[in-house]
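Here is the structure we will look at.
In the numbering used here, the protein residues as written are 171 to 368.
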């Protein structure tokens, strides 16, 4: 009996995942920088672009056998879903007992954990391109700022996190434009730089 294997081709999901990251970090940084107020309208973008868009990107990167993309998009999608839930708890949306029992230092430990996985991903990005290398180390800086701010180490760290998050958004918008346009036109329109290590 003859066995046939069917390969289902799917488009590269990287631009969708990058778009999710770019939008959610842009809107979240606007709140941290004091350009906007409150978290009510940050929440939908955290859950649906920071979360759901990266769910799709992560799943399809698994199909593409892209370990970096699958790990990064999957890890960060759960970060944004978790942050959305944390904001709902702190705002009292899930009941006053949960809001009253919220200890921000617990988020500090979450941020430390994400800093560690981000360092691992950042080290591996030396085999990718310079833009990805810069993006990953900005993400590490973001988590350093977030964790030290959560542990009440001074308002400076809140500002570090806010500016790092804005920089992440801008670099990510550039990267998604490069990925999309370079692929669409079949030539390098926007350069991302060569890998630092072969």
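Note that the Cβ used here is the ideal one computed from N, Cα and C, for glycine as well. Just so we're clear, the structure is a prediction, and the values are computed from it rather than from any experiment.
Using the Cβ count rule (16 or more neighbours within 10 Å means buried), how would you classify residue i?
i	result
residue 319	buried
residue 388	Outside the shown range of the chain, which is 171 to 368, sits residue 388, and nothing can be said about it.
residue 186	buried
residue 364	exposed
residue 247	buried
residue 358	exposed
residue 292	buried
residue 215	buried
residue 264	exposed
residue 194	buried
residue 335	buried
residue 183	buried
residue 281	buried
residue 239	buried
Going by DSSP in three states, residue i sits in which element: helix, strand or coil?
i	result
residue 210	coil
residue 268	helix
residue 225	helix
residue 349	helix
residue 314	helix
residue 359	coil
residue 231	helix
residue 335	helix
residue 245	helix
residue 297	helix
residue 364	coil
residue 282	helix
residue 250	helix
residue 319	helix
residue 263	coil
residue 342	helix
residue 203	coil
Am I right that residue i and residue j are in contact with their C-beta atoms under 8 angstroms? What's the rounded C-beta distance?
i	j	result
residue 228	residue 244	4 angstroms
residue 277	residue 256	6 angstroms
residue 346	residue 188	4 angstroms
residue 192	residue 343	5 angstroms
residue 341	residue 304	6 angstroms
residue 223	residue 190	3 angstroms
residue 308	residue 337	5 angstroms
residue 254	residue 221	7 angstroms
residue 321	residue 275	6 angstroms
Is residue i a contact residue of the ligand SAM, with contact defined as CB to any heavy atom under 7 angstroms?
i	result
residue 320	Here there are no bound small molecules, and the ligand SAM is not part of this structure.
I'd like to know if residue i contacts chain D, where contact means its C-beta is closer than 8 angstroms to some C-beta of that chain.
i	result
residue 192	Of the chains in the structure shown, none is chain D; there is only one protein chain.
Quick check: the stretch 308-322 against the stretch 348-358, are there 3 or more CB pairs under 8 angstroms? no
Assess, as a yes-or-no matter, whether the stretch 324-343 is touched by the stretch 263-279 under the definition of 3 or more beta carbon pairs within less than 8 angstroms. no
Count the CB pairs spanning the stretch 249-265 and the stretch 293-305 that are closer than 8 angstroms, and state whether there are at least three. no
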